[in-house]
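Numbering (the numbering used here), first residue to last: 3 to 317.
Here a beta-carbon is modelled for each residue, glycine too, at the ideal position from N, C-alpha and C.
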Ligand code: CP
Ligand code: NVA
């Protein structure tokens with residue numbers, strides 16, 4: 003499976019799901035599900051024997067860091083954790099030089115940082131694949147794992163309705179990209195001033211026109227979740243917005259995913275959250291721990307999805 007797909011993926015960057023076709027996203031999700039099965043069956047899969055991945059982090063991470071490090075190891079390769087507290091990028095070495103140096107030493111770079119432009123610049127100046135492990139603008143590796151999770155639980159994507167409640171942030175943006183590529187109907191409910199970026203909405207609506215899905219932005223959570231197959235939320239204050247946390251608690255007070263809101267969704271609706279979660283804020287304890295919640299499947303699937311990305315892109 004991976005060998006057949008590799009020709010079309012090899013050497014490419016993974017910066018946004020927007021850069022991939024519906025078929026390619028489907029192939030990545032299928033590769034991830036295949037690798038998950040191999041791991042469960044104890045079947046070795048040293049696809050990246052001897053390869054190395056540099057992991058640049060200028061922001062915190064539990065899931066993304068652990069899944070990429072463990073993932074490259076399971077593929078037979080080696081991951082180097084490069085915190086900005088340790089590497090020269092944290093002392094002002096420019097992205098262009100970091101890109102050219104790492105390109106001569108490692109086989110791929112994963113980067114988590116605030117500035118999306120820095121990731122684009124890193125990719126532009128690198129001769130090896132660059133994987134976006136989250137910027138303030140997008141979180142595409144998360145959404146590939148989410149699409150995989152939806153497929154595992156619902157069987158397919160086409161025609162499903164996903165309601166995202168909360169901040170129109172990086173996760174919301176990548177969900178708009180990914181869901182509409184796959185023919186899903188996505189509705190985002192966010193307060194005014196916190197809605198997703200207009201250019202992302204426009205891209206999503208263009209995707210939807212081609213895939214048979216839709217992308218709608220509303221203000222009322224109840225309107226978004228009506229009949230939804232998936233209810234998704236994320237923190238009200240993302241990394242880097244800590245000083246706005248108190249203000250945001252007021253702004254988003256009506257945007258909590260709780261039992262009352264879930265009562266408006268389809269009875270079998272999945273509850274999703276990229277984690278980390280703030281119980282009692284964007285989601286209640288009973289909902290995140292309830293039978294509809296698949297949040298830990300999502301977290302686990304980061305491992306399998308990231309292995310698929312690495313196996314397909316790295317030479
Ligand atoms: N969901 C996610 O990206 O988690 P981490 O911040 O722990 O990597
Ligand atoms: N929107 C959150 C996602 C964390 C995985 C953030 O950027 O902090």
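Could you tell me whether the Cβ of residue i comes closer than 7 Å to any Cβ of chain C?
i: residue 224; result: In the displayed structure, chain C is absent; only one protein chain is listed.
Given 6 Å as the limit, tell me if residue i has its C-beta closer than that to any heavy atom belonging to ligand 1.
i: residue 151; result: no
i: residue 63; result: yes
i: residue 277; result: yes
i: residue 144; result: yes
i: residue 66; result: yes
Helix, strand or coil for residue i, going by three-state DSSP, please let me know.
i: residue 264; result: helix
i: residue 295; result: strand
i: residue 7; result: helix
i: residue 237; result: coil
i: residue 160; result: coil
i: residue 179; result: helix
i: residue 73; result: helix
i: residue 202; result: helix
i: residue 174; result: helix
i: residue 125; result: helix
i: residue 274; result: strand
i: residue 56; result: strand
i: residue 47; result: coil
i: residue 279; result: coil
i: residue 151; result: helix
i: residue 141; result: coil
i: residue 189; result: strand
i: residue 285; result: strand
i: residue 255; result: coil
i: residue 304; result: helix
i: residue 165; result: strand
With a 10 Å radius around its C-beta and 16 neighbouring C-beta atoms as the bar for buried, classify residue i as buried or exposed.
i: residue 11; result: buried
i: residue 71; result: buried
i: residue 289; result: buried
i: residue 29; result: buried
i: residue 107; result: exposed
i: residue 16; result: buried
i: residue 317; result: exposed
i: residue 308; result: buried
i: residue 134; result: buried
Within the present structure, is the beta-carbon of residue i separated from the nearest heavy atom of ligand 2 by less than 6 Å?
i: residue 171; result: yes
i: residue 176; result: no
i: residue 240; result: yes
i: residue 120; result: no
i: residue 194; result: no
i: residue 236; result: yes
What ranges does the beta strand (DSSP E) occupy inside the segment 75-112, keeping only unbroken runs of at least 3 residues that lie completely in it?
80-85
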